[in-house]
Each structure stands twice: as structure tokens, then as C-alpha cells.
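Residue numbers (UniProt numbering): 1 to 389. Reading through the C-alpha cells given below for one structure.
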Amino acid sequence: MFSGRGSVQLARVFGIRIGASPSWFVVLFVMIYSFSGFFDSVLDVSNSVAYLVTVAAVLLFFVSLALHELGHALVARRNGIEVLGIDLWIFGGLAKLSRDSETPGEEFRIAAAGPAVTALIALICLGGVAATSHLGEAVDSYTHGDSTTPLLALLSWLGIVNLWLLAFNLLPGFPLDGGRIARAAIWRATGDRHRATRAAGRIGQGLAYLLMGFGLYLALGGGDPFAGIWLLILGWFISSGARGAIAASAFSDRIDGVTAADVMDAEPVAVPGTTTALAAQDEFFLRYRLPWFPVTDAAGRVLGLLRAELVDGALASGRPTLPVDDLLDAAADGDAHVARDTPLESLLSSEALRRLGALVVVDADGRLCGLVTLDHVRRALAAGLELRP
């Protein structure tokens, strides 16, 4: 749903970093405090045992949130999108992806993956309860506070909470998963991603106002001020996310059609692959003072990136006449290449551009066409902002 900053790593699953923002730790303790009374009332055990069950339930709930986001992340990775990590924070979690979806089908698959995982968790928990032939008892313990066993209380609470989470997350308002699914459907019907984003965003704003209205009612006299304040804050964040999506979509419309070829330097400095390490240092690094240069063969095809440290290493090891094409690691530089028709919007989310400061633009045959830098992208964005009414 939403993101936090400055997260602390909790785990790494399938190579994906899972972290938590400071706000998550606050919510963790608030939830443990809030639900300790519930588990104490439904369990005929000592206070310490009831507290341990509460801690286990809340931790498992956050595990289920992480699994929900992991579902998004793994499906995104399967669709060729790099996963930058998962963060848990005050209102759930966020799978951070390197780019937005490029097709309605891709958007639907990624958006639906999280709710599918949540539904599976609820099914497993409530199925486990049903297997004991005490499903009615477990539900009664959740709704009426009837006494039950620690395992039944834990499974029934986790299953029902995940059902509530599933129902809420499937509401058709951006930036909830239901809103993303709605965006995919509208995108499929209209063929216009930006129009679909604005439509889903407006639904999200309407949903946010309903939540805030109900929250205000609860806070001012509806009998549950704490829930009312929580809904007010949640509604505000949904409204902010939806409003941001609408604004971003409007801006994307203005830069739609702008590609790497439109903003690149069409005459970049490149190092021929046959250049020696000593000549590369004298004629390129000492002259232009850049951290790296693209290396090309006789046909102009890009062989890789020549970094200053590679040249320094060759000279330090007594190999000044070594051709620079022998210093390259082409596999390590694969993300430094973009096609001429790469949209400006994709460049904005490029981790490689942020890391390297520039990207090599190539044609369909891998020949060097130009170089696009962060400064080029910033100037293009500034031009797009000037076009705003």
C-alpha cells in the first residue's frame, strides 16, 4: 500500500530484502497492547500465557503482511521487473519495484498476487480450525469473547483478521490492490494507462472521504474514538496516495512520447576497444575527468563500460599495453544499456541511471547512439513542468 523511509532490514527471502520503518515498531507494540485484552478474555490461562499468544498473533499477522507483499514481488520478478525490496510500515507494506507495469495483464497479475496470498493464509488458518470441528466455537470466541484454547484463538484471530484485510484491500480504489485491479480493467477497456490511473485514483479519493467521514463519526460520538482516529488517518493516507497517482498520471501525459533518443547526447565520447590502458588514461580519463566511458568495437557496437579503476589496476599491475576490451566485464554492464525508444518515464525509475549517473543508448544491433545522463532527464522533466497549465 504505502511506503516508509529509513527501514531496518528484518530478513531476506528469495534474495529480496524485507525491512521495517520505525513506524512499524510503534504499530507492533500498539497492536500487542490493544489485543492483549482480547486474548486474555477468550483464553482460560494465565496472563503471561495470554500475553505470549498475543505477541505470537501480532507477529504472525505482520508475517502475513510480508507474505502478501512477497506475492506481489515474486510475480513482478516473474514478469521481468526488478524488485528493490519490501518495507513494512504503519499502514501495511510495500513491494518496491524498479518500474511500473507496461501492460494491463502485467498490472493485474502483480496486483492480484498479494490478495491471493492473503486469501490463502486465511483459508489455511480457518481450514486448520475447521479440521478440529470447532469452527463455530472459534468464530464465537472472536465475535463474542467465548473461551477457547490458545491454538484455536490464534488461528481463528489470524484467519479472520486476514479476511478483513483481504476485503479492505480489494476495495476498488487506488492505491489499494483493488484499485490497481480496477486500473488494469479500465486500462484494458480503454487502452489508456493514464486515463485508467486517474479513474482508479478518483475512486480511491471517494473511498478515502467515506473512511474519513465514518472515522469522524466514531471519533466524535460513535462510541469508539480510537477506531475513528485510526480511520481518519488511514483515509488521509489513501487520499494522499490517490491524489499523488492522479497528479503523476497527468504529468506522465505531458511527457508521453519523449524517449531516450529525444534527450540523449548524440555525440558521446567512446573508447575504441583496441586502445591500450595507458592511452585510455592519457587520452580519456585525464582529459575528460569522467568516471567511465563506453567501449566500442570497429562496427560501433558497445562492448561494455571502461571504469577508471580498471585502467588504474592494469597500470598498477604493469600491463600498460593491454587493450581495454580485455578489461571489461560485459555481464556486469548489461543494465547500463537502453534502447533509443525507451520512454522518459522508464528512465525516471532506472536504478542503473541513479547508480551510474548516465546510460548508454544503443540501437537494435547494439551500436552506440548516444548517452543519456541524469542532467538530461532533469532538463526534460523541467520542460514538461513548464507545459503544465
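Glycine is no exception: its CB is placed at the ideal position from the N, C-alpha and C atoms. The structure presented is a predicted model; accordingly, all values stated were derived computationally and were not measured.
Could you tell me if the beta carbon of A248 falls within a distance shorter than 7 Å of some heavy atom in the ligand NAP?
For the structure depicted, the ligand NAP is absent and the ligand set is empty, with no information on it obtainable.
Close beta carbons around L356, own chain, < 7 Å, minus the five adjacent residues each side
A336
Which residue marks the beginning of the alpha helix (DSSP H) containing L158, and which one marks its end?
150-169
Just the Cα atoms here: how many angstroms apart are A185 and G159?
29 Å
Over what stretch of residues does the beta strand (DSSP E) that includes V295 continue unbroken?
292-296
Taking 8 Å as the threshold (C-beta atoms), are E102 and R183 in contact?
no
Starting from L371, trace the beta strand (DSSP E) both ways and give me its first and last residue.
368-373
Which residue spans inside the UniProt domain "CBS" (264-321) form an unbroken alpha helix (DSSP H) run of at least 4?
277-280, 308-316
Per DSSP, which residues does P343 bridge with? Please list them.
T259
How close, in whole Å, do the beta carbons of P291 and V302 come, if the pair is a contact with beta carbons under 8 Å?
Between V302 and P291 the Cβ distance is about 17 Å, and since that is not below 8 Å, they are no contact.
Just checking my contact of R340 with A227 at CB under 8 Å: how many whole Å lie between their CB atoms?
Not confirmed; about 54 Å, so no contact.
Please determine, among P225, R367, P104, the residue with the shortest C-alpha to C-alpha distance to A266.
R367
Looking at the structure shown, is V45 part of a helix, part of a strand, or coil, going by DSSP?
coil
I believe A20 touches S34 by the beta-carbon criterion, under 8 Å. Please report the beta-carbon distance rounded to the nearest angstrom.
The pair is not a contact, with the Cβ atoms about 19 Å apart (cut-off 8 Å).
Note the first and the last residue of the continuous alpha helix (DSSP H) segment covering I186.
177-190
Quick one: what does DSSP say A242 is sitting in, helix, strand or coil?
helix
Within the continuous alpha helix (DSSP H) that includes A352, where are the two ends?
351-356
Just confirm the distance between the C-beta atoms of G93 and L65, as a whole number of angstroms; I'd bet it's less than 8 Å.
5 Å
Quick one: grab the DSSP three-state call for I86.
strand
On the CB-based measure, 16 or more other CB atoms within 10 Å of its CB, does P225 come out buried or exposed?
exposed
When DSSP labels each residue in this structure, what does I81 get in the three-state scheme?
coil
Would you tell me roughly how many angstroms separate the C-alpha atoms of P104 and R188, rounded to the nearest one?
6 Å
So, L306 versus A280, is the Cβ gap smaller than 8 Å?
yes
Go through its chain and collect everything with a Cβ distance to G206's Cβ below 8 Å, but skip five positions before and after it.
G173
Rounded to the nearest angstrom, how far is the Cβ of F214 from that of F91, given a contact under 8 Å?
The Cβ separation is near 17 Å, so there is no contact.
Beta-carbon within less than 8 Å of R354's beta-carbon, same chain only, minus the 5 sequence neighbours each way: which residues are those?
L374
Out of D40, G80, K96, G114, state which residue places its alpha-carbon closest to the alpha-carbon of G71.
G114
What is the DSSP secondary structure of L328, reduced to helix, strand or coil?
coil
For the alpha helix (DSSP H) containing R202, name the first residue and the last one.
193-220
Can you say whether D329 is buried or exposed, counting buried as having 16 or more other CB atoms within 10 angstroms of its CB?
exposed
Can you give me the start and stop residues for the beta strand (DSSP E) that R12 sits inside?
8-13
Pick helix, strand or coil for R17, following the three-state DSSP scheme.
strand
Express the C-alpha separation of P268 and G304 in angstroms, rounding to a whole number.
14 Å
Contact check, A242 vs G201 under 8 Å by CB: the rounded distance?
4 Å
Please report the distance separating the alpha-carbon of W230 from that of A364.
53 Å
Spell out whether any CB of chain B is found under 8 Å from the CB atom of G114.
This model lacks chain B altogether; it includes just one protein chain.
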